[in-house]
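To keep things clear, I will list the structure first and then write my remarks on it.
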Amino acid sequence: MNQRRITILGGGNTAFATAAKLTLDGFDITLCELPAFKNQIETIKNTKKISLESVTGSGVANLYNVTTDFSMALSFSNLVLVIVPSYAHSEFINAALPFIDNNHIIVLMPGNLGSIQWKKMALEAGKSCIISEVDTAPYVCRKTSSDSAIIWGVVSQLGIGVLPSIETNQVFDLLQNIFPGLSTYSDVMECGLSAANPVVHPAGVLMNAGRIEYSHGEFYFYEEGVSKSVAEVIMAVDKERINIGKHLGYSLHPINEVFHNAGFGPKGNLWETINGSYMLTRLKAPGNLSSRWLTEDIPFGLVTWSFLANYFNIETPMINSIINLGSVIMETNPWESGRDITSFGIANKSVDDIKSFLKNGNLN
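Per the working numbering, the sequence shown starts with residue 6, numbered consecutively.
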């Protein structure tokens with residue numbers, strides 16, 4: 006595999022920033038967006054240039070290619086980074102699947118357990134490629150214009166899970182030079198249950214809903230919005246997440262430790278870690294309540310966790326409360342639109358059966 010060539014699927018904040026950062030790091034990058042969203046890459050499709058301002062070094066990145074042609078993008082490299090919101094996972098796998106072969110290594114960044122859905126669909130199409138996911142986006146970043154992006158911080162300990170997990174070392178060896186500080190989970194289930202965004206974003210946004218609507222997000226979300234009382238609610242959500250993991254045999258880290266280990270802030274309770282974070286305290290709140298901090302992190306984070314918990318008869322009253330409150334604000338039913346575990350192909354399977362699938366990649 007040519008480790009200098011990387012295909013990135015997506016055209017939003019993190020896809021833009023990652024494409025620019027890795028290009029400046031010396032990699033050949035093809036950026037591919039869905040044809041329906043070609044406006045996201047229209048400016049750079051001809052110039053192939055993204056201006057990046059970054060804590061790691063700024064410059065103008067000259068991408069190898071920018072396209073909406075999935076056949077071209079998937080033939081460019083066997084390493085494919087899927088950097089899109091979780092609600093776009095289905096569209097992207099439907100577009101990519103005809104051109105994926107058994108040699109591809111797919112990395113969802115982040116995955117929110119989407120790797121299990123991708124693996125199921127790949128197996129149904131007769132393809133045994135490796136599907137993996139990371140626990141968070143690799144950078145704290147934003148797309149600042151149609152041809153520029155900014156990176157405020159780099160996640161110093163990005164965690165990855167691999168499906169099948171017996172291929173973890175292969176994927177780790179491939180990615181560690183691309184994302185220094187990479188660490189591994191035992192499997193993708195542990196990785197998906199370690200995601201920070203569904204723990205923090207929905208509770209934080211809902212408890213700041215009035216201020217977000219009034220100010221259009223003109224305040225520092227973590228520094229001003231995540232007060233000590235808001236942090237307590239977030240920790241209550243986190244306690245239920247950890248309990249789900251415990252039932253499945255995982256010793257998940259509390260969210261304050263997750264933030265510290267990722268390099269976001271100092272050791273301490275959640276409020277102390279956030280308050281001492283250079284990266285997080287610079288982030289403003291979403292400009293409105295239609296943000297993916299609700300529309301992604303509830304249906305494709307909390308809802309999936311709740312369905313998983315319900316499958317094993319684990320109670321999640323706090324998570325369910327956040328989901329139900331969010332459904333009122335979003336004016337949608339995330340219980341219906343979110344990622345149900347039926348998309349994983351693990352219905353009627355025991356914990357041991359699920360663990361076997363996660364290890365070997367076979368659903369039979």
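Just so it is clear, CB atoms sit at the ideal spot from N, CA and C, and this is done for glycine as well. Since we're looking at a predicted model, the values are computed, not measured.
query	result
Opening and closing residue of the alpha helix (DSSP H) in which asparagine 18 lies	18-29
Limits of the alpha helix (DSSP H) - the one that serine 56 falls within	Run containing serine 56: none in the alpha helix (DSSP H); it sits in the beta strand (DSSP E), 54-59.
Beta-carbon separation (whole angstroms), methionine 212 vs valine 235, contact threshold 8 Å	5 Å
Distance, lysine 272 Cα to threonine 72 Cα	43 Å
Proximity winner among Ile183, Gly64, Val210, Leu168, relative to arginine 297 (alpha-carbon distances)	Val210
8 Å contact criterion, which lysine 26 and isoleucine 105 should meet: CB distance rounded	About 25 Å separates the two Cβ atoms, so there is no contact after all.
Local Cβ density within 10 Å of proline 140, reported as buried at 16 or more and exposed below that	According to the sequence provided, residue 140 is aspartate. The question's proline does not apply to it. So aspartate 140 ends up on the buried side.
Nearest-angstrom Cα separation, counted from alanine 66 out to isoleucine 34	10 Å
Local Cβ density within 10 Å of glutamine 175, reported as buried at 16 or more and exposed below that	exposed
Rounded straight-line distance, which links the Cα of asparagine 44 to that of threonine 189	36 Å
Residues of its chain near isoleucine 171, where Cβ-Cβ distance is below 7 Å and the 5 sequence neighbours each way are ignored	Lys364, Asn365
Neighbourhood of glycine 15 by C-beta, 6 Å cutoff - its chain only, sequence neighbours within 5 removed	Ile88, Val89
Contact under 8 Å by Cβ, lysine 124 with glycine 17	no
Three or more C-beta pairs below 8 Å linking the region 309-321 and the region 95-113	no
For threonine 12, the residue or residues it bridges with in DSSP	Thr35, Val85
Cutoff 7 Å; reference glycine 331; Cβ partners in own chain excluding five residues on either side	Pro207, Leu211, Leu299, Ile303, Pro339
Per-residue burial, histidine 94 [other beta carbons within 10 Å of its own, 16 or more giving buried]	buried
Proximity to tyrosine 227 [Cα-Cα], best of Phe264, Gln8, Arg344, Cys196	Phe264
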